[in-house]
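To convert a position in the sequence shown, counted from 1, into this note's numbering, add 149.
Note sheet for the following structure.
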Amino acid sequence: MSAGQLRTAAEPKPVPAALQNPDAAAQSRNSDRRQRNSRLFYWLCILIACLSVLVLGVLLLSIGVQGGHRLTPTLLTSAHSELNPEVAGMWPSIVGSFFVLLVCAAFAIPLGIATAVFLEEFQPKSAWLNMARGFIQLNIANLAGVPSIVYGLLGLSAFVYMFNVFGQIQVNESTAWVIAGEQRFYQVRSLETGQIVLIPQSDPTQSKITITGPIRGVDAAGNPVDIEVWEPGTPRPTDSEIKRRTVRLGATGGAYSERSWYFFRLPLGPSFLAGGLTLGLVILPIVIISSQESLRAVSPALREASSGLGATTWQTVRFVSLPVAVPGILTGVILAMGRAIGEAAPVLIVLGAAISKDSGPQNLMDNVVTMPLLIFDWAGRQQATFQELAAAAIIVLLVALLLLNGAAIYLRQKMQQA
150 MSAGQLRTAA EPKPVPAALQ NPDAAAQSRN SDRRQRNSRL FYWLCILIAC
200 LSVLVLGVLL LSIGVQGGHR LTPTLLTSAH SELNPEVAGM WPSIVGSFFV
250 LLVCAAFAIP LGIATAVFLE EFQPKSAWLN MARGFIQLNI ANLAGVPSIV
300 YGLLGLSAFV YMFNVFGQIQ VNESTAWVIA GEQRFYQVRS LETGQIVLIP
350 QSDPTQSKIT ITGPIRGVDA AGNPVDIEVW EPGTPRPTDS EIKRRTVRLG
400 ATGGAYSERS WYFFRLPLGP SFLAGGLTLG LVILPIVIIS SQESLRAVSP
450 ALREASSGLG ATTWQTVRFV SLPVAVPGIL TGVILAMGRA IGEAAPVLIV
500 LGAAISKDSG PQNLMDNVVT MPLLIFDWAG RQQATFQELA AAAIIVLLVA
550 LLLLNGAAIY LRQKMQQA
């Protein structure tokens, strides 16, 4: 055996790296396991997402098949009809939803953004104020998870009845506090066939009047007139104009009210104002939380630079924090409004289940019907036609939601580019 062969035989065989460093082997196995688990979780998420999209697609397909042929101009331009469902539509509910959302936005958006600015930008120096701030923050987080039907009960007590502080709203009685827009009269039949005279109601608690003598009243055009009294057994007037403003002695009349579009009273009663304020309570925590998150995303360096230039806290909020946070705030607001337009339980409690309306609200205290409420009513009926109309109305509501979400995305992109 040569010397080279002896040296080769004497040299030790190489030891694998795994045997040289057991910790490295364990780390390699852990890395492989984490990567395997990561891939498994990734495909599990894709599977769940595809399953959710599949379920949504099946629902949309079934709704489209059931109600697609009902998507006609009649559906969008006519009102609900009990006797002829073939021509029933949802125009009053579209107008009602618009007015309710208008009130909801006017109430919730300014209050929600202002609350978020106070909680995030103005740090109280007093310990008691700081505790109050923490208490408010805790309650806002809790209110975001409260069922909407609870808000409906709250709105019924706070807005519809206002805890009976201003009296109760009853038929043919005016125990509520009328602020503006209402004129109350008594209707009394005149001697002219088919004609009446109107006598101003001086006592709101008196629902009827008995004519005992000449009295001051108004004609159909609202002009003041002197109302004469004819006593049976005396000559009856023959002139048509005189008969129009003459009533029989002892004639009675009931209360009648004329209301302008700005008619307003307290309590609000089952009006679209009460419905909008209740929906404002539903989305208020969402608006506050989304606005807070947008304000938190603003770089602290921007605030510090503004303060370094001598700006006050309000100037920093107005010219720095809010402009930067506007895209996120708008997105959260529009998504919150998308939830409000689809809420049925609070509206059902506050406004009731009546859907037989031919138009939108005639005054501020008028009742309305919304799209979710109409869908709820149609879906609960036995006739196949109403079932199809409910499916078509769902499609219309989904289109409205998609438009709101699309507006949120568009506004966010535009504000970010600006």
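We treat Cβ as the ideally placed atom computed from N, Cα and C, and that holds for glycine.
In this structure, V431 sits away from L451, with a CB-CB distance that is not shorter than 7 Å.
DSSP, read as helix, strand or coil, puts S351 in coil.
Residue burial annotation: Q532 is exposed, with fewer than 16 other C-beta atoms found within 10 angstroms of its C-beta. Beyond the five residues adjoining it in sequence on each side, T401 comes within less than 8 Å, by CB distance, of V337, K357, I358, T359, I360 in the same chain, given in chain order. Looking at the backbone, the Cα of S443 and that of I478 are separated by about 6 Å.
When C-beta atoms of the region 260 to 276 are compared with those of the region 422 to 442, three or more pairs fall below 8 Å, so the two segments count as touching.
In this structure, the alpha-carbon of W326 lies about 6 Å from that of F315. The three-state secondary structure of K357, taken from DSSP, is strand. In its chain, beyond the 5 residues on either side, F334, G366, V367 have a beta carbon closer than 6 Å to the beta carbon of L347.
Counting other Cβ atoms within 10 Å of its Cβ, D515 reaches 16 or more and is therefore classed as buried.
Segment contact: the region 507 to 527 against the region 545 to 559, three or more CB-CB distances shorter than 8 Å; contact assigned.
DSSP places Y411 inside the beta strand (DSSP E), whose first and last residues are 401 to 415.
Nearest C-alpha to V447 among V266, A460, P416: V266. The residue from Y191, I364, W379, K392 with its alpha-carbon nearest to that of P373 is I364.
DSSP places T519 in the coil class of the three-state scheme, outside both helix and strand. Under the 10 Å beta carbon count, W527 is surrounded by 16 or more other beta carbons and is classified as buried. C-alpha of G529 to C-alpha of R561: approximately 39 Å in a straight line.
Distance from the CA atom of S439 to the CA atom of F256, rounded to whole angstroms, is 16 Å. In this structure, F412 lies near G330, with their beta-carbon atoms less than 7 Å apart. In the DSSP assignment, A493 falls outside any beta strand (DSSP E) and carries neither an H nor an E. Shown here for I437: same chain residues with a beta carbon closer than 7 Å to its own, the five before and five after excluded, namely G261, T264, A265, I289 in chain order. Residue burial is scored here from C-beta neighbours: P273 has fewer than 16 other C-beta atoms within 10 angstroms and is therefore classed as exposed.
The beta-carbon separation of A494 and I298, rounded to 4 Å, stays under the 8 Å limit for a contact. Of the candidates G418, R394, K392, R488, the residue whose Cα lies closest to the Cα of G429 is R488.
Between V214 and S227, the C-beta spacing is not below 7 Å. As a beta-bridge residue in DSSP terms, P373 pairs with V367. With a 10 Å radius around the Cβ and a threshold of 16 neighbouring Cβ atoms, V249 comes out buried.
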